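Report on the following structure.
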Amino acid sequence: MNKRCGATGSVNIEFERQRTLVFKTLWLCGLIALGLGAGTAIAQPVSPHGAAGAASGVADIPAGAASIRGRVVHESDSSAVAGVPIVLYSLSPDGTPGLRGMVSADDGTFAFEKVAGDASIVYLVGARYREVPFGIRMSFEPGETERKVELTIGEPTTDNSAARIAEVLIRVDQGCDGLLIKESHSLENTGDLVIYVPEAERAGRAPILRVPVPAGATHLESTVGDSLDWDGQTISYWGPLRPGREELEFAYGLPAGAPGGETAIEIEHDFPSGVGRVRVFSHESGPTLSSPAGGSQLEAGLPIVLDGVSHSVLEASDLAAGAAFTLRAELRPIAGVSDAIVGEESRIWLDLDGAALTVDEQHQLSVSGSEPLTSASGAPLLCFALDPRAEELQFSNDTLALGLSRDPSGAVAVRGPIPAGASPFALRYRIPVDSDVVPFVREFPFEISLLSILISDTGLVIETPDLHRRRPVRTEDRKYLYLEAFGVKPSAKVRLSIEPFDIHRPMPQWASAGIALMAGLFAIGFLTVPLRGVATASTESLPTYFAEERQSVLSSLRSLEDDFETGKLSQADYAELRQQLRATAVNLLALERDNASRDSAQDSSQGKDVEIAAAAARACGACKAELAPDAIFCSKCGTRVSEESPSAGNSA
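Under the working numbering, residues 200 to 851 are what the sequence shown spells out, in order.
Below, the structure is given as C-alpha cells:
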C-alpha cells in the first residue's frame, strides 16, 4: 500500500511482497489444477499423499492433527460449485513449500485432514475456475485445530473496458553490466467481474495492459506466468484482473554496452494507454537519474523511503494515451570488494549426460576484518559470470542469505550482506549439450586458493591448459576424474573441454603397451618351444634379442607408472597390466639366462639386466607391497625405498 508521511514530507512505499507471493502461488495452483480433472462426485484427495505436490516436485503439506474444511461457492448467488480442482499450498518459516490437491464434492465442500496447525505456517487455499485462479490466504491461531473457509469464484469477462492504469513505479538499480529495471503497474478494474482473456481467444483482441519495453531490454521476469507475453519489444498482460486495484510487477535488464564504454544509458518509455501518475526512482547512491529535453518531462518529486533508505524521485502526472518520456541513467563506479574476499577452497562437480552438463559449485568465501560487506545502493558486491546457456539455476538456503539473484546479464549477483569470516556459497545449474566436445569455462570475482574440479568418469577425454591432473577419486558407486589449480586470480579463465571417449580414436600409450604385451607373450611362446631343443648357429643372437625385448617391457613399465600417476589408469587396470609386464620381464630374463652359455661375451650385460629385472620385482620393506621398478617412495604406505629393499620373490 502507498502511505503518505506528512511529518517528513516524503512518501513511504512498500512493494507488496506478500501479495506477489500469493499471486505466484495462485498461478502455480492453477497450473497444477489443470491436470487434476473435474466432475468427481465426492470431495477426495487426488492421492492420499498429495499427488499434486508430487507431480510438481513439491513435498506434501506438513502433517499434524489440524484440518482445513471449506466450500466453493459462486459469487453471483452463493450456490455450491462441484468438481472444482482445489489445492492447498503451505509455506513454512524456513521457506519450505508444501502442496496437496483434491476436487470439490457435489455440495461444493472439500476438506484437508491431518495438516499441521502451527501458527507460523502460512496456508493458501486455491482453485482454478474457467482458467482463472482464486485463493484465500490463512494461518491457524495458537491452539486452533480446525479452520473453515469459503472460496468464492466468479465468471470472468474478456471485456477490458473497465481497466485502467492508475500508477506506475519504475525502480532503477545498477546491475552487473548495466541497469536492472523493476516496474510495478497499479491496475484498476472499475467493473464487477474478473477480466481475463484466455490464450485461445487473444488473437485480434487488445490486452488489459500493453507496455513497450525500452530498446535493448533483456531477460524479462514476472510473477504471472503465461498471462504476460513479451515479443522482445512489447509486454502484453491478459489478466486476470479482479475488481478493485492490483499490482503487476515485472523486471528486465538494460546492458551498458562494452566494458569501459558509455557510463550513461538513455531509456525511452511509451504509454499507449496513458497513465495517471509515473514515478521513477533510484537509490541516493545508485544510478543518477535525469530527464533530457523532449517528450513528457519528468520533474523532481518527493523522495521515496524503502527500508529506511531514501530514494530520489522523478515523476510526471496525467500522461495521455501515447505519451512518452526519456530518462537518462548515469552509472556510478562500483567499489571493488574482491580484495576483501578470498575463496579459501572451491570445488566444482561436473556430470555429463547426453543432453546437458550438470554443474554443482561449492565455494568457501572468507571476508577479512570484523564487519560484514554491504552494498548501500543495492548494487552487486560480486558478480559470478555463468555460461550464457546456464539454466535451472538453484541455490542453497545458506547461499540465498547472501542476497543472491540472477542478474539480467545472466550472471549471479551477490548483493549482500556478506558476513565477516567464512561463508558457504553453493549453486547448481545445467548447460545444454549440442556437440561432441563440451567446453567448460569459469572465472571468479575473487582469488581462489585451491580449485578442484571433479568430473564423473563415464568414459571421457579431458583436455585443459589451466589445471593439472591428480589421481581419480572413487566413491561407492562412481569414479571422478580429478583436476586441480592453485592461486586462481580474479577474472582469470579456467578452461577445460570434455569429450566422450571414441573407440576409433588412437589408443593411449598404456593400451598400446597392453596389446603389444599380449602379442609379445604369444610370439615368445611360439618361438621358444622349438628353440629350447634345437641348437643352431642362429641361437647365438638370442641373448641380445631377449635383452632388447626385456628393455622394451621395462620401458612399458615406466610408462605405465606415469599413466597411473597422472590419472589415466584406474587402480584395477594398473595392477593387472603391471603384473603382466613384470611377469614378462622375469620370463625374458630366464630365457636370456638359458641361452647365456651360447655367447660368453654377454656376461657383463646379463648381470646388469638381472639387477633391472630384480628391481621390477622389489617389495616395500615396511608393508611388503610391490614396488615400481624406479619407485622412490612406497605407493601404499609412503615409506622411502632404499636401494637395498628386498625382492618380492625369487624372480632371479
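Don't be surprised by glycine CBs; every beta carbon is placed ideally from N, CA and C. Since the structure is predicted, the reported quantities are computational estimates derived from the model, not experimental observations.
Asked	Found
For glycine 507 and valine 566, believed in contact at Cβ under 8 Å, the rounded distance	In fact, because the Cβ distance is near 24 Å, the residues do not count as touching under 8 Å.
Identity of the residues DSSP links to lysine 823 by a beta bridge	Its beta-bridge partners do not exist; DSSP assigns none.
Residue(s) in a DSSP beta bridge with glycine 443	Asn388
Whole runs of the beta strand (DSSP E) within the stretch 339 to 421, excluding any shorter than 3 residues	345 to 352, 362 to 373, 377 to 388, 408 to 411 and 417 to 421
Proximal residues to aspartate 606 (C-beta, below 6 Å), its chain only, five neighbours per side dropped	Gly374, Cys375 and Ala612
Nearest residue (CA-CA) to proline 579, options Gly568, Ser608 and Arg668	Ser608
Inter-stretch contact (C-beta, 8 Å, three-pair minimum) for the stretch 334 to 346 and the stretch 290 to 307	no
Residues of its chain near proline 491, where Cβ-Cβ distance is below 6 Å and the 5 sequence neighbours each way are ignored	Thr525 and Arg527
Classification of cysteine 833 by the beta-carbon crowding that lies within 10 angstroms, buried from 16 upward	buried
Proximity of leucine 601 and phenylalanine 624 at Cβ, strictly below 8 Å	yes
Residue environment, glutamate 354, which counts as buried when at least 16 other CB atoms sit within 10 Å	exposed
Residue of Gln432, Leu788, Arg669 and Ala405 minimising C-alpha distance to aspartate 358	Ala405
Identity of the residues DSSP links to arginine 670 by a beta bridge	In DSSP, arginine 670 forms no bridge with anything.
Whether phenylalanine 639 touches leucine 695 by CB criterion (8 Å)	yes
Beta-carbon gap between isoleucine 652 and isoleucine 547 smaller than 8 Å	yes
Local Cβ density within 10 Å of proline 486, reported as buried at 16 or more and exposed below that	buried
DSSP three-state assignment for leucine 753, whether helix, strand or coil	helix
Under 8 Å between C-beta atoms of glutamate 440 and asparagine 388	In the sequence as displayed, the identity of residue 440 is leucine instead of glutamate. The answer is yes: Cβ separation under 8 Å.
Buried versus exposed, by CB contacts within 10 Å (16 or more), glutamate 382	buried
Three-state class that DSSP yields for serine 426 in the structure shown	helix
C-beta atoms of glutamate 467 and alanine 523 nearer than 8 Å	yes
Buried/exposed call for threonine 657, threshold 16 Cβ in 10 Å	exposed
Chain B within 8 Å of glutamate 387, Cβ atoms only	Going by chain labels, chain B is absent from the structure shown, which holds only one protein chain.
Separation of alanine 824 from leucine 650, as counted between CA atoms	33 Å
Through-space distance from glutamate 544 to aspartate 633, alpha-carbon basis	31 Å
Residue interval of the alpha helix (DSSP H) (run including leucine 599)	596 to 599
Proximity below 8 Å, CB of glutamate 312 to CB of serine 385	no
In DSSP terms, what glutamine 593 is bridged to	Arg627
7 Å CB neighbourhood of glutamate 483 in its chain, flanking five on each side removed	Ser509, His510 and Ser511
Outcome for histidine 562 when other beta-carbon atoms lying within 10 angstroms are tallied against a minimum of 16	buried
Whole-angstrom distance between valine 660 and leucine 756, CA atom to CA atom	23 Å
Assigned exposure category for threonine 783 - 16 Cβ within 10 Å defines buried	buried
8 Å Cβ shell around threonine 433 - same chain, five flanking residues per side excluded	Arg409, Val410, Pro411 and Val412
Proximity below 8 Å, CB of leucine 556 to CB of valine 637	yes
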